[in-house]
Amino acid sequence: VSLASAISPIYYNIPDAKVTLVFRCERALVADELLRITRPPGYTLLPGSLKGISAISFGASGLDFMRIWSMDFQNPEDMYAVILKPIAALTTIRLSVGVGSPVEAEKVMNWGVRSYIVQPSRDPDGDIIDASLPIYPFVGREINATGTSDGAFIGFLLVGQVPFTITPSLQTPGAEIRLSLNFGIADGVEAISYVRMEVTAPIGFVFKDSCLFQGSPQFAKCTG
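Set out below in structure tokens:
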């Protein structure tokens with residue numbers, strides 16, 4: 001899975017975010033092969049949201065409510081899709097899926113992409129009885145893994161939103177003014193040494209070298 005993969009928006013606790021996964025398979029994918037997408041803890045996969053963007057198209061797809069791979073019935077970890085057309089080896093594939101992003105940071109952030117082939121139904125002698133692809137959950141069929149990302153994709157670094165208001169002491173062009181910033185952070189922020197907050201102003205504004213006007217119990221200093 002490529003680092004070009006992304007999530008939008010990049011915030012925690014967004015119920016309708018979109019994940020775009022970009023990846024290549026070392027082997028060719030065939031029609032009716034299954035693609036399985038595994039989310040990390042904290043996310044929710046949105047039903048009916050899977051779309052092929054580049055080099056891939058899907059037939060039937062859905063969440064793994066029957067728990068072929070997933071453990072959580074109410075919020076399945078996996079989504080499956082049937083690949084409609086063959087895809088050559090090393091083709092760059094792009095797809096998107098709707099998600100609910102985590103409420104808070106999770107230790108495990110890895111996404112997984114795997115492929116499978118559903119084997120035909122055979123009689124006791126090994127002769128093929130039915131080679132067509134049955135509907136999910138593929139009852140009575142053997143499902144063989146054909147490819148995996150091995151969970152190597154590290155996932156997405158999400159951030160919390162910082163709503164703020166800003167009040168200037170003056171609105172005179174070219175004047176030396178004070179700005180009062182009031183902001184809140186939904187999630188607590190902790191660090192072993194210190195936490196740094198960066199404030200970026202529009203072009204034309206200049207911060208003083210020592211820009212903290214009044215003492216603050218939250219901030220030790222301000223450097224412009």
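For the sequence shown, position 198 matches number 198 in my numbering, and the numbering has no gaps at all.
We treat Cβ as the ideally placed atom computed from N, Cα and C, and that holds for glycine.
Is Pro15 near the ligand COA, going by C-beta to nearest heavy atom under 8 angstroms? No copy of the ligand COA appears in this structure; indeed no ligand is present at all.
Could you pull the DSSP bridge partners for Ile117 from this structure? In the DSSP assignment, the residues bridged to Ile117 are Asn144.
Taking 9 angstroms as the threshold (C-beta atoms), are Ala4 and Gly98 in contact? No, Cβ-Cβ distance for Gly98 and Ala4 is not below 9 angstroms.
Outcome for Ala81 when other beta-carbon atoms lying within 10 angstroms are tallied against a minimum of 16: A residue is called buried when at least 16 other Cβ atoms come within 10 angstroms of its Cβ; Ala81 meets this threshold and is buried.
CB contact flag (Leu29, Arg114, <9 angstroms): No; because the gap between Cβ atoms is not below 9 angstroms, this pair is not in contact.
Whose C-beta lies closer than 8 angstroms to the C-beta of Ile228 among residues of the same chain, with five residues either side of it excluded? Since the first residue of the chain shown is 1 and the last is 224, residue 228 is not available in this structure.
Close-in-space but distant-in-sequence residues of the same chain around Pro40 (CB under 7 angstroms, 5 per side omitted): Excluding sequence neighbours, Pro40 sits near Glu106, Val108, Met109, Asn110, Trp111 and Gly155.
Assuming the contact rule is C-beta atoms closer than 8 angstroms, Thr200 and Ser180 should be a hit. Round their C-beta distance to whole Å, please. Wrong, their Cβ atoms sit about 17 angstroms apart, outside the cutoff.
With burial defined as no fewer than 16 other Cβ atoms inside 10 Å of the residue's Cβ, what is the status of Leu90: buried or exposed? The residue is exposed, with fewer than 16 neighbouring Cβ atoms inside 10 Å.
Where in the segment 46 to 125 do unbroken runs of the beta strand (DSSP E), each at least 3 residues long, occur, reported from the N-terminal end onward? You should have 51 to 54, 58 to 63, 78 to 83, 92 to 100 and 112 to 118.
Helix, strand or coil for Asp127 per DSSP? Three-state DSSP puts Asp127 in coil, outside helix and strand.
Three-state class that DSSP yields for Arg36 in the structure shown: In the structure shown, Arg36 adopts extended strand secondary structure according to DSSP, grouped into three states.
Can the beta-carbon of Tyr12 be found less than 9 angstroms from the beta-carbon of Glu104? With contacts defined as CB atoms closer than 9 angstroms, Tyr12 and Glu104 qualify as a contacting pair.
Leaving aside the five residues before and after Leu170 along the sequence, list all residues of the same chain whose C-beta is less than 6 angstroms from its C-beta, in chain order. Closer than 6 angstroms at Cβ, skipping near neighbours: Ile177.
So, helix, strand or coil for Ile166, using DSSP? Under the three-state reduction of DSSP output, Ile166 falls in the strand class.
By the 10 Å Cβ neighbour count, where 16 or more other Cβ atoms means buried, how is Glu33 classified, buried or exposed? Glu33 comes out buried.
Alpha-carbon spacing of Val19 relative to Gly224, whole angstroms: One C-alpha to the other measures close to 36 angstroms.
What does the Cβ neighbour count give for Met197, buried or exposed, with the cut at 16 atoms within 10 Å? When all chains shown are included, Met197 counts as exposed.
If distances are taken between C-alpha atoms only, which option among Leu46, Gly59, Ile135 and Glu26 comes closest to Ser101? Nearest of Leu46, Gly59, Ile135 and Glu26 to Ser101, Cα basis: Leu46.
Bridge partner(s) assigned by DSSP for Tyr11: When beta bridges are read from the DSSP output, Tyr11 appears opposite Val159.
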